[in-house]
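Inspection log for the structure reproduced underneath, given as structure tokens.
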Amino acid sequence: VIEKGQPEHSIITTCAYCGVGCSFKAEMKGEEVIRMVPYKGGKANQGHSCVKGRFAFGYATHKDRVTEPMVRDSIDEEWKVVSWDEALAFSANKIKNIQAKYGRESVGGITSSRCTNEETYLVQKLIRAAFGNNNTDTCARVCHSPTGYGLKATIGESAGTQTFESVMQSDVIMVIGANPTDAHPVFASMLRKRLREGAELIVVDPRTIDLLNTAHISANHHLPLKPGTNVAMINAIAHVVISEGLEDKHFIEKRTDEYNAWREFILDEVNSPEAMESITTVNAEQIRIAARAFAKAKNGAIYYGLGVTEHSQGSTMVMGIANLALATGNIGREGVGINPLRGQNNVQGSCDMGSFPQELPGYQHVSDDLLRGKFEKNWGVTLDNEPGLRIPNMFDAAIEGTFKAMYVQGEDILQSDPNTQHVQAALSSLECLIVQDIFLNETALYAHVFLPGSSFLEKDGTFTNAERRINRVRKVMKPLAKYADWEVTQKLSNALGYPMNYGHPSEIMDEIASLVPSFSQVSYKKLEEQGSIQWPCNEEFPNGSPIMHVESFPIGNGRFAITPYLASEDRANKRFPLLLTTGRILSQYNVGAQTRRTANQTWHKEDVLEIHPNDADERGINDGDWLGITSRAGDTVLKAKVSERMQSGVVFTTFHHPISGANVITTDSSDWATNCPEYKVTAVQVEKVTSP
Ligand code: SF4
Numbered sequence: 246v247i248e249k250g251q252p253e254h255s256i257i258t259t260c261a262y263c264g265v266g267c268s269f270k271a272e273m274k275g276e277e278v279i280r281m282v283p284y285k286g287g288k289a290n291q292g293h294s295c296v297k298g299r300f301a302f303g304y305a306t307h308k309d310r311v312t313e314p315m316v317r318d319s320i321d322e323e324w325k326v327v328s329w330d331e332a333l334a335f336s337a338n339k340i341k342n343i344q345a346k347y348g349r350e351s352v353g354g355i356t357s358s359r360c361t362n363e364e365t366y367l368v369q370k371l372i373r374a375a376f377g378n379n380n381t382d383t384c385a386r387v388c389h390s391p392t393g394y395g396l397k398a399t400i401g402e403s404a405g406t407q408t409f410e411s412v413m414q415s416d417v418i419m420v421i422g423a424n425p426t427d428a429h430p431v432f433a434s435m436l437r438k439r440l441r442e443g444a445e446l447i448v449v450d451p452r453t454i455d456l457l458n459t460a461h462i463s464a465n466h467h468l469p470l471k472p473g474t475n476v477a478m479i480n481a482i483a484h485v486v487i488s489e490g491l492e493d494k495h496f497i498e499k500r501t502d503e504y505n506a507w508r509e510f511i512l513d514e515v516n517s518p519e520a521m522e523s524i525t526t527v528n529a530e531q532i533r534i535a536a537r538a539f540a541k542a543k544n545g546a547i548y549y550g551l552g553v554t555e556h557s558q559g560s561t562m563v564m565g566i567a568n569l570a571l572a573t574g575n576i577g578r579e580g581v582g583i584n585p586l587r588g589q590n591n592v593q594g595s596c597d598m599g600s601f602p603q604e605l606p607g608y609q610h611v612s613d614d615l616l617r618g619k620f621e622k623n624w625g626v627t628l629d630n631e632p633g634l635r636i637p638n639m640f641d642a643a644i645e646g647t648f649k650a651m652y653v654q655g656e657d658i659l660q661s662d663p664n665t666q667h668v669q670a671a672l673s674s675l676e677c678l679i680v681q682d683i684f685l686n687e688t689a690l691y692a693h694v695f696l697p698g699s700s701f702l703e704k705d706g707t708f709t710n711a712e713r714r715i716n717r718v719r720k721v722m723k724p725l726a727k728y729a730d731w732e733v734t735q736k737l738s739n740a741l742g743y744p745m746n747y748g749h750p751s752e753i754m755d756e757i758a759s760l761v762p763s764f765s766q767v768s769y770k771k772l773e774e775q776g777s778i779q780w781p782c783n784e785e786f787p788n789g790s791p792i793m794h795v796e797s798f799p800i801g802n803g804r805f806a807i808t809p810y811l812a813s814e815d816r817a818n819k820r821f822p823l824l825l826t827t828g829r830i831l832s833q834y835n836v837g838a839q840t841r842r843t844a845n846q847t848w849h850k851e852d853v854l855e856i857h858p859n860d861a862d863e864r865g866i867n868d869g870d871w872l873g874i875t876s877r878a879g880d881t882v883l884k885a886k887v888s889e890r891m892q893s894g895v896v897f898t899t900f901h902h903p904i905s906g907a908n909v910i911t912t913d914s915s916d917w918a919t920n921c922p923e924y925k926v927t928a929v930q931v932e933k934v935t936s937p
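Quick look at the structure:
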């Protein structure tokens with residue numbers, strides 16, 4: 246890192262990587278960012294940061310940035326650099342012609358969890374009002390869509406219930422399918438502090454995650470379950486709670502519905518730890534001990550990540566977690582709660598802003614005439630009352646020939662979505678793919694229009710973090726490609742004939758506040774005064790809501806859900822004897838498009854396959870050997886890392902580098918309720934090969 250001297254001024258903004266949402270001071274010399282310093286006044290991070298956030302400014306001015314729009318008639322042609330007006334007219338004509346030929350439903354788009362709330366709102370508005378259909382989806386489809394479904398069904402709101410700080414009041418902390426020290430490092434530091442103060446830790450994860458190595462903690466319980474058996478595990482834990490009379494009877498009586506049916510289900514012997522032992526591969530007594538510790542805690546909190554959601558039973562597992570929190574009365578006060586650790590900086594916001602095909606902003610269903618009517622009046626259009634296509638449906642419809650054009654903002658679907666071959670087939674079937682991004686990403690290989698995007702340093706707006714905290718994003722430099730993303734969406738809408746005339750993102754937020762009840766008191770003025778706001782922020786909670794569900798749930802009482810365990814479709818057998826699971830590491834972020842273009846690249850240059858010593862010995866594998874990995878979907882090659890962190894029978898890799906193509910081998914199995922891909926369970930064979 247080059248020392249660049251003293252700053253002339255600084256601007257406070259928000260990190261664009263993970264769902265912690267750390268506040269930073271961008272220290273500037275003129276329009277150049279010379280340093281990012283964690284901001285002490287940031288309520289989510291209180292002056293801390295991780296190695297990703299500190300060096301994030303590196304990618305904003307990277308030489309790979311594309312700053313001029315480009316078009317081509319066919320993906321076999323070279324790109325042609327054009328003016329903004331030409332690119333937008335080209336895009337609008339393509340969309341209009343395709344809709345004239347194939348119908349209104351033949352086009353759609355994907356919003357980005359890396360863009361601001363205001364930008365996401367505009368993309369879904371463009372799709373609903375200008376395209377005239379509900380074919381809008383978000384990358385949350387492939388990460389936390391089961392959180393949306395499962396929490397809405399049980400506690401009535403698709404969001405985490407606490408502030409991060411709440412963990413400092415927890416006595417027992419259950420971490421399920423999450424690796425906070427790598428994926429949410431600043432929150433992990435807070436969590437570790439609480440563990441050192443005496444809280445107990447329960448980790449439900451196939452791997453020995455670093456949190457388990459926290460020094461000086463009073464007790465930890467590791468339940469190293471087999472990938473794909475989360476629901477069996479949560480049911481077994483709940484079975485212990487109920488069968489041993491450890492439930493919170495008062496809370497159940499006062500605050501919940503549908504308990505008796507659930508009680509009968511959970512007490513069935515098939516849900517006992519002993520019955521589940523052969524499924525989870527975790528010793529029944531270990532499960533009992535952990536379950537008792539959680540149930541007896543004064544304050545028990547649950548934190549979970551993509552190891553919960555990215556399964557064929559992702560939504561079932563989220564409901565299972567809610568069942569446990571309701572049964573033990575761990576909701577509605579400090580130190581407890583259900584806390585999804587959101588992956589991307591604004592994945593909460595992209596869901597809140599109406600990116601899903603079935604819901605308008607604020608999770609207001611498209612089929613509700615009253616709610617839809619409110620948007621129709623404000624937007625001056627008639628809206629479709631049927632849910633549109635989800636991302637996997639768009640891919641299928643493209644291959645079938647009924648879906649012809651797609652607008653993708655800030656998302657590399659070719660690299661991030663499962664079963665790459667299927668995605669390639671879908672994208673190459675489109676007559677018009679419009680990609681808007683800061684780099685020419687992998688998806689752009691199949692694009693007909695490339696619209697240069699703007700980084701988080703080039704625009705005003707807001708991100709909403711995993712604790713529902715709306716943080717300001719402030720423009721520190723002019724957009725390299727002249728326009729911020731929200732301006733480009735607005736121009737595309739105008740070119741299509743649906744007028745949008747916002748002068749500043751604050752005006753977009755004012756419109757959101759007028760349409761979304763939980764945002765009704767949110768404004769840029771209040772954000773300046775308070776620093777940040779946790780929604781709901783409305784007449785009842787004018788300064789926001791750090792803890793949710795204190796007195797009641799949006800659906801009245803919490804609802805227990807029946808959550809039977811079903812095995813994943815992709816199972817290990819003789820041909821594919823190991824189970825592959827995927828995840829992130831500390832220095833890289835998701836598909837790596839940003840972190841690979843910063844100082845972070847120094848620490849992690851390639852994805853590797855972590856394998857247990859027993860499995861490595863069996864195959865004559867040593868550290869650094871090249872391995873061929875084959876699944877039912879495809880094959881790839883990675884270097885070996887022999888690691889005791891793995892359990893025998895399970896291998897692990899990251900997906901930060903395109904060359905490794907981790908998603909070439911993941912299958913298209915997905916969550917039954919939301920189609921979230923089952924990235925965490927792929928049966929594979931691993932063999933030593935001589936070269937890549
Ligand atoms: Fe904070 Fe996450 Fe950014 Fe790290 S990546 S600085 S933890 S927001």
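Mapped onto the UniProt record's numbering, the consecutive letters of the sequence shown carry residue numbers 246 to 937.
Built from N, CA and C at the ideal position, the CB exists for glycine as well.
Three-state secondary structure assigned by DSSP to Lys325: Collapsing the DSSP output to three states places Lys325 in a strand.
Range of the contiguous alpha helix (DSSP H) that encloses Tyr304: Segment Phe302 to Ala305, the alpha helix (DSSP H) holding Tyr304.
Burial state of residue 942 (16 or more Cβ within 10 Å): The chain is shown only over 246 to 937; residue 942 falls outside these bounds and no answer can be derived.
Ser268 versus Ile874: straight-line alpha-carbon distance, rounded: Near 40 Å, if we compare the C-alpha coordinates of Ile874 and Ser268.
Any non-hydrogen atom of ligand 1 closer than 7 Å to Val431 Cβ: Yes - ligand 1 has a heavy atom lying nearer than 7 Å to the Cβ of Val431.
For Asp860, the first and last residue of its enclosing alpha helix (DSSP H): Note, Asp860: alpha helix (DSSP H), Pro858 to Glu863.
Inter-stretch contact at 8 Å, needing at least 3 Cβ pairs: the segment 541 to 551 / the segment 501 to 508: When Cβ pairs closer than 8 Å are counted between the two stretches, the segment 541 to 551 is seen not to touch the segment 501 to 508, the count staying below three.
Rounded C-alpha distance that separates Asn575 from Ile257: Distance between the alpha carbons of Asn575 and Ile257 is about 35 Å.
Cα-Cα separation, Phe640 to Asp382: Their Cα atoms are separated by approximately 12 Å.
Heavy atom of ligand 1 within 7 Å of Gly298 beta-carbon: Within 7 Å of the C-beta of Gly298 there is at least one heavy atom belonging to ligand 1.
Given 8 Å, three or more beta-carbon pairs between the segment 437 to 457 and the segment 600 to 608: By the Cβ test, the segment 437 to 457 is not in contact with the segment 600 to 608, since fewer than three Cβ pairs between them sit closer than 8 Å.
beta-carbon Ser777 near ligand 1 non-hydrogen atom, thresh 7 Å: With a threshold of 7 Å, the Cβ atom of Ser777 does not count as near ligand 1, since no heavy atom of the ligand is closer than that.
Burial state of Gly353, where buried means 16 or more other Cβ atoms lie within 10 Å: Counting the other CB atoms within 10 Å of its CB gives Gly353 a total of 16 or more, which places it among the buried residues.
Bounding residues of the beta strand (DSSP E) (the contiguous stretch that carries Leu586): Neither: Leu586 is in no beta strand (DSSP E) and is coded neither H nor E.
Length at least 3, wholly inside the segment 542 to 585: the beta strand (DSSP E) runs in chain order: Taking 3 residues as the minimum length, the beta strand (DSSP E) runs contained wholly in the segment 542 to 585 are 545 to 549 and 583 to 585, in order along the chain.
Distance between Gly655 and Gly594 (C-alpha atoms, nearest Å): Gly594 and Gly655 have their C-alpha atoms spaced approximately 14 Å apart.
Val929 - containing alpha helix (DSSP H), residue span: No alpha helix (DSSP H) holds Val929; the beta strand (DSSP E) holding it covers Thr927 to Val934.
Span of the beta strand (DSSP E) around Trp871: Counting along the chain, Trp871 sits inside the beta strand (DSSP E) bounded by residues Trp871 to Ser876.
Bounding residues of the alpha helix (DSSP H) (the contiguous stretch that carries Asn623): Asp614 to Trp624 is the span of the alpha helix (DSSP H), which, as asked, contains Asn623.
Pair within 8 Å by beta-carbon distance, Ala918 and Asn664: Judged by beta-carbon spacing, Asn664 lies beyond the 8 Å limit of Ala918, meaning their Cβ atoms are not closer than that value.
Cβ pair Ser876, Ile856 closer than 8 Å: No, these two residues do not count as a Cβ contact at 8 Å.
Given 8 Å, three or more beta-carbon pairs between the segment 735 to 744 and the segment 791 to 802: Taking a contact to require three or more Cβ pairs closer than 8 Å, the segment 735 to 744 and the segment 791 to 802 do not qualify as touching.
Any non-hydrogen atom of ligand 1 within 7 Å of Tyr284 CB: Every heavy atom of ligand 1 is 7 Å or more from the Cβ of Tyr284, so no.
Ligand 1 heavy atom lying under 7 Å from the CB of Gln661: A small fix is needed here, since residue 661 is Ser in this sequence, not Gln. Not so, every heavy atom of ligand 1 lies at least 7 Å from the Cβ.
DSSP bridge partner residues for Asp682 (one or two, in chain order): Looking at the DSSP output, Asp682 sits in a beta bridge with Pro697.
Check whether Glu687 and Asp657 have beta carbons under 8 Å apart: Cβ atoms of Glu687 and Asp657: closer than 8 Å.
Close beta carbons around Ser319, own chain, < 8 Å, minus the five adjacent residues each side: Correct list, in chain order: His693.
Inter-stretch contact at 8 Å, needing at least 3 Cβ pairs: the segment 607 to 626 / the segment 368 to 381: The segment 607 to 626 is in contact with the segment 368 to 381.
Reference Met722, options Glu364, Gly266, Pro252 and Glu276, closest by Cα: The alpha carbon of Met722 has as its nearest neighbour, out of Glu364, Gly266, Pro252 and Glu276, the alpha carbon of Glu276.
Asp815 vs Thr709 beta-carbon contact at 8 Å: The answer is no: Cβ separation not under 8 Å.
Cβ-heavy atom distance, Asn424 to ligand 1, below 7 Å: Not under cutoff, so the answer is no.
Secondary structure, beta strand (DSSP E): runs of 3+ residues fully inside the UniProt domain "4Fe-4S Mo/W bis-MGD-type" (253 to 309): Correct list: 254 to 259, 268 to 274 and 277 to 283.
Pick from Gly565, Thr526 and Gly582 that is closest to Tyr548, judged by C-alpha positions: Between Tyr548 and the set Gly565, Thr526 and Gly582, the nearest pair of CA atoms involves Gly582.
Three or more C-beta pairs below 8 Å linking the segment 396 to 412 and the segment 515 to 523: Not touching, per the Cβ criterion.
Cα-Cα separation, Ile247 to Ile910: Reliability fails at Ile247, whose pLDDT of 48 lies under 50, so the model's placement of it is uncertain and the value that follows must be treated cautiously. In this structure, the alpha-carbon of Ile247 lies about 39 Å from that of Ile910.
Euclidean distance between Cα positions of Ala540 and Ile482: Each residue's Cα considered, the two are about 9 Å apart.
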